[in-house]
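>
Numbering (the working numbering), first residue to last: 410 to 689.
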């Protein structure tokens with residue numbers, strides 16, 4: 410068996426920064442430390458923090474006054490921040506810098522009275538944060554048919570969830586061209602996401618089997634698995650080494666491995682070690 414690793418693997422810049430901020434908060438305060446939802450969509454990382462005593466809160470109402478709250482990397486809206494400060498909470502804002510940039514663009518479009526269209530997953534925390542930022546004055550689309558319901562507008566501003574597929578973003582941009590007198594398109598897909606997707610596409614063309622490692626709730630990881638499957642390669646989306654099946658492989662296989670932006674290196678290394686244990 411030959412194993413080929415993607416050129417883009419492991420934590421992205423934004424995730425690395427968010428996790429480090431959370432670790433620093435843990436060092437500074439051991440008690441009354443809460444996380445506002447999962448900081449990133451990776452169960453192993455969340456388990457690491459909960460074992461250290463961090464409590465997961467579904468919303469700010471679950472966080473006692475004068476506690477420390479760690480926000481998600483996917484962003485927190487100004488409205489939520491205001492509420493946190495009103496409760497006298499110490500806020501560790503781990504919002505990814507790229508996500509924060511999208512929030513600023515969304516706020517600008519809202520203030521300038523653009524009809525805002527967001528390419529994203531309606532229930533994804535980043536999209537929910539964007540909607541909160543513009544007081545729900547936006548339409549979330551995920552496919553060409555979703556754009557067909559849009560009637561002619563004077564001004565449309567088009568942005569994207571940072572982890573979406575760049576090629577689908579281009580298609581949706583084209584679909585919006587005849588929907589407004591003025592169309593402003595902001596490519597807000599993270600550069601790291603785009604590079605990771607391109608690297609996964611190159612890898613899929615070289616291998617017999619592809620392993621995509623990362624949380625099942627991770628949008629960017631799911632996208633990588635879709636890329637492999639679309640290339641006709643046997644592709645398996647796994648979270649840990651324990652989910653690998655011996656029957657998936659043959660000794661002569663070339664196996665490609667990629668991971669989501671929120672997957673720790675140690676999780677990937679455990680998968681590699683297990684394959685080597687089986688096939689040498």
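We put the beta carbon where it would ideally sit given N, CA and C, even for glycine.
Nearest to residue 436 by alpha carbon, out of 420, 415, 569, 458?
If you number the chain shown from 1, residue 436 lands on position 27. Comparing Cα positions, the closest option is 458.
> Do residue 431 and residue 477 have their C-beta atoms closer together than 8 Å?
For the purposes of this step, residue 431 is taken as the residue at position 22 of the chain shown. For the purposes of this step, residue 477 is taken as the residue at position 68 of the chain shown. Cβ distance not < 8 Å, so residue 431 and residue 477 don't count as in contact.
> Identify the residues that DSSP records as bridge partners of residue 646: which are they?
Counting from 1 along the chain shown, the entry for residue 646 is found at position 237. Answer is 621, bridged to residue 646.
> Please decide whether residue 421 counts as near chain D, where near means a Cβ-Cβ distance under 8 Å.
The question asks about chain D, but that chain is absent: this structure has only one protein chain.
> Kindly indicate which residue of 572, 522, 480, 560 has the alpha-carbon position closest to the one of residue 599.
Reading the chain shown from its first residue, position 190 is the one you call residue 599. The candidate whose alpha carbon is nearest that of residue 599 is 572.
> Does DSSP put residue 681 in a helix, in a strand, or in coil?
Against the chain shown, residue 681 aligns to sequence position 272. Note: residue 681 maps to helix in three-state DSSP.
> Taking 8 Å as the threshold, find out whether the stretch 624-633 comes into contact with the stretch 671-685 through three or more Cβ pairs.
Judged by Cβ distances under 8 Å, the stretch 624-633 makes contact with the stretch 671-685, as three or more pairs qualify.
> Using the C-alpha atoms, what's the distance from residue 499 back to residue 684?
What you label residue 684 is simply residue 275 of the chain shown in a count that begins at 1. What you label residue 499 is simply residue 90 of the chain shown in a count that begins at 1. Approximately 44 Å, taken between the alpha carbons.
> Give me the Cα-Cα distance between residue 581 and residue 524, rounded to the nearest whole angstrom.
Residue numbering aside, residue 581 sits at position 172 when the chain shown is read from its first letter. Residue numbering aside, residue 524 sits at position 115 when the chain shown is read from its first letter. When rounded, the distance between both Cα atoms is 15 Å.
> By DSSP, does residue 423 sit in helix, in strand, or in coil?
Reading the chain shown from its first residue, position 14 is the one you call residue 423. Of the three classes helix, strand and coil, the one that applies to residue 423 here is helix, per DSSP.
> In the DSSP output, what is residue 444 paired with across the bridge?
Taking the chain shown and counting its residues from 1, the one referred to as residue 444 is at position 35. Answer by DSSP bridge pairing, in chain order: 465, 479.
> Taking residue 468 as the reference, give the member of 496, 460, 451 with the closest Cα.
The count along the chain shown starts at 1 and reaches residue 468 at position 59. For the residues 496, 460, 451, the minimum Cα distance to residue 468 belongs to 496.
> For residue 664 and residue 607, what's the separation of their Cα atoms in angstroms?
Translated into the one-based positions of the chain shown, residue 664 becomes position 255. Translated into the one-based positions of the chain shown, residue 607 becomes position 198. Straight-line Cα distance between these residues: approximately 17 Å.
> Tell me which same chain residues have a C-beta within less than 8 Å of the C-beta of residue 553, skipping the five on either side of it?
Along the chain shown, read from residue 1 onward, the residue named residue 553 stands at position 144. Correct list, in chain order: 580, 581, 584.
> Since residue 542 and residue 601 should fall inside the 8 Å C-beta cutoff, what is the C-beta to C-beta distance between them, to a whole number of angstroms?
For this step, residue 542 is matched to residue 133 along the chain shown. For this step, residue 601 is matched to residue 192 along the chain shown. So it is not a contact: roughly 22 Å between Cβ atoms.
> Could you tell me which residues DSSP puts in a beta bridge with residue 499?
The residue given as residue 499 occupies position 90 in the chain shown. DSSP output for residue 499 lists 477 as bridge partner(s).
> Does DSSP put residue 567 in a helix, a strand or coil?
Here residue 567 is taken as the residue at index 158 of the chain shown, counted from 1. Of the three classes helix, strand and coil, the one that applies to residue 567 here is strand, per DSSP.
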